[in-house]
Amino acid sequence: MDPHLLRTFVTVAECGSFSAAASRLGYTQSAVSQHIAALENDLGTPLLLRRPVVPTGPGERLLEHAGPIMLRLEAARADVQRAIGDPPGSLVLGASPLAASAHLADALSELRRTHPGLEVTVEVTGREAVAKGVAAGRFHLGLTDGIAAPSDPLRLFDLGALATTAVAHEPLVVALPVQHPLAGRQRLTLDELVDARWIDAPDTAAALSELRSATESDGIRSSIGYAGTDVLTLLSLVAAGHGLAVLPASVPHIVDAVVTVALSRPRLVHRVELLHGHADLPTATALATVLRG
1 MDPHLLRTFV
11 TVAECGSFSA
21 AASRLGYTQS
31 AVSQHIAALE
41 NDLGTPLLLR
51 RPVVPTGPGE
61 RLLEHAGPIM
71 LRLEAARADV
81 QRAIGDPPGS
91 LVLGASPLAA
101 SAHLADALSE
111 LRRTHPGLEV
121 TVEVTGREAV
131 AKGVAAGRFH
141 LGLTDGIAAP
151 SDPLRLFDLG
161 ALATTAVAHE
171 PLVVALPVQH
181 PLAGRQRLTL
191 DELVDARWID
201 APDTAAALSE
211 LRSATESDGI
221 RSSIGYAGTD
231 VLTLLSLVAA
241 GHGLAVLPAS
251 VPHIVDAVVT
261 VALSRPRLVH
271 RVELLHGHAD
281 LPTATALATV
291 LRG
């Protein structure tokens, strides 16, 4: 299966239009039509309906595979480039919001001291975007976070030859508005909060899917979704009574109307891990050492 044809197919499916896909890809509409016809001929089945332009059943199945296939191709290219090239003179670090904690600034200062001339750029983005960005070579390193059992690593996407280095872990807390009936407690368990209102903020708090898995319950439901990456906005939503959130214990206390209560059960921790292409990449090793210290 030609990856160029696959890329064209995905773009047409996303755009819902041959002409829009041609514009995005820089092809003629005729070339796009030829790509789709060639892919359909290769697989022996129609993949797209033409009016409207939507995937057929087999096309939907192909779309499920296309994203991971294209990402693995990008990851392979990035891994080869890392293998043949010298460490870059500039470092682009992708970081999820909670992984880009207060001590990251000091860690990067130390890294620049030990690697004179290193130019550093930090991009704060979602957890999935961090992992995919490292795999595709857009980020030299990634700093991501999540919750896990104390002895377990984070569960990450299948992204090929990425190495991970654990750099920190800490207890979890539940963020509640000060007027919440449980705000005065010293400790809470998730079982006590199964029926509470929750904020679904998958890039700035513990993902609700992970909390459901930890409690083996589907009772943890979202009352509002937050798709951003700003912790202050998330805490403001908590303060306004829109729902609760599970966060690392070190989260800055920047909203007076929010209190945090230690989460005692189940036994989970907030983990931060460094993602990189090779375990011996000097900048990755140096940054991991500073972060752990």
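With the UniProt record's numbering, the residue at position 16 of the sequence shown is 16, and numbering never jumps.
All residues carry an ideal CB built from backbone N, CA and C; glycine is no exception.
Since the structure is predicted, the reported quantities are computational estimates derived from the model, not experimental observations.
Between residue i and residue j, what straight-line distance do the alpha-carbon atoms span, to the nearest angstrom?
{"i": "residue 148", "j": "residue 271", "result": "7 Å"}
{"i": "residue 93", "j": "residue 198", "result": "31 Å"}
{"i": "residue 208", "j": "residue 222", "result": "8 Å"}
{"i": "residue 119", "j": "residue 283", "result": "12 Å"}
{"i": "residue 65", "j": "residue 212", "result": "27 Å"}
{"i": "residue 247", "j": "residue 62", "result": "37 Å"}
{"i": "residue 117", "j": "residue 32", "result": "45 Å"}
{"i": "residue 191", "j": "residue 210", "result": "14 Å"}
{"i": "residue 26", "j": "residue 104", "result": "40 Å"}
{"i": "residue 237", "j": "residue 226", "result": "9 Å"}
{"i": "residue 189", "j": "residue 12", "result": "47 Å"}
{"i": "residue 29", "j": "residue 91", "result": "39 Å"}
{"i": "residue 3", "j": "residue 156", "result": "24 Å"}
{"i": "residue 321", "j": "residue 201", "result": "The chain is shown from 1 up to 293; residue 321 falls before or after that span and cannot be answered."}
{"i": "residue 232", "j": "residue 112", "result": "29 Å"}
Does DSSP classify residue i as helix, strand or coil?
{"i": "residue 208", "result": "helix"}
{"i": "residue 185", "result": "coil"}
{"i": "residue 138", "result": "coil"}
{"i": "residue 17", "result": "coil"}
{"i": "residue 291", "result": "helix"}
{"i": "residue 216", "result": "coil"}
{"i": "residue 260", "result": "strand"}
{"i": "residue 190", "result": "helix"}
{"i": "residue 143", "result": "strand"}
{"i": "residue 200", "result": "strand"}
{"i": "residue 4", "result": "helix"}
{"i": "residue 114", "result": "helix"}
{"i": "residue 103", "result": "helix"}
{"i": "residue 271", "result": "strand"}
{"i": "residue 124", "result": "strand"}
{"i": "residue 10", "result": "helix"}
Assign residue i to buried or exposed, taking buried as 16 or more other Cβ atoms, counted over all protein chains shown, within 10 Å of its Cβ.
{"i": "residue 86", "result": "Confidence is the limiting factor: at residue 86 the pLDDT is only 49, short of 50, which leaves the residue's position unreliable, though a coordinate-based value still follows. So residue 86 ends up on the exposed side."}
{"i": "residue 35", "result": "buried"}
{"i": "residue 80", "result": "exposed"}
{"i": "residue 291", "result": "buried"}
{"i": "residue 59", "result": "buried"}
{"i": "residue 178", "result": "exposed"}
{"i": "residue 96", "result": "buried"}
{"i": "residue 127", "result": "buried"}
{"i": "residue 49", "result": "exposed"}
{"i": "residue 204", "result": "buried"}
{"i": "residue 224", "result": "exposed"}
{"i": "residue 253", "result": "exposed"}
{"i": "residue 142", "result": "buried"}
{"i": "residue 135", "result": "buried"}
{"i": "residue 146", "result": "buried"}
{"i": "residue 55", "result": "buried"}
{"i": "residue 101", "result": "buried"}
{"i": "residue 67", "result": "exposed"}
{"i": "residue 240", "result": "exposed"}
Do residue i and residue j have their CB atoms nearer than 8 Å?
{"i": "residue 114", "j": "residue 274", "result": "no"}
{"i": "residue 187", "j": "residue 250", "result": "no"}
{"i": "residue 53", "j": "residue 9", "result": "no"}
{"i": "residue 196", "j": "residue 244", "result": "yes"}
{"i": "residue 24", "j": "residue 15", "result": "yes"}
{"i": "residue 174", "j": "residue 261", "result": "yes"}
{"i": "residue 229", "j": "residue 122", "result": "no"}
{"i": "residue 144", "j": "residue 107", "result": "no"}
{"i": "residue 235", "j": "residue 259", "result": "no"}
{"i": "residue 214", "j": "residue 153", "result": "no"}
Would you say residue i faces chain B, with C-beta separation under 8 Å as the test?
{"i": "residue 43", "result": "No chain B is present in this structure, which holds just one protein chain."}
Verify the contact flag: residue i, CB atom, against every heavy atom of the ligand ZN, threshold strictly below 7 Å.
{"i": "residue 262", "result": "In the structure shown, the ligand ZN is absent, as is every other ligand, since no ligand is present at all."}
Uninterrupted beta strand (DSSP E) stretches inside the segment 32-99 (no shorter than 3 residues):
48-50, 53-55, 90-95
Taking only runs of the beta strand (DSSP E) that begin and end inside the segment 218-253, which ones reach a length of at least 3 residues, in chain order?
221-225, 245-248
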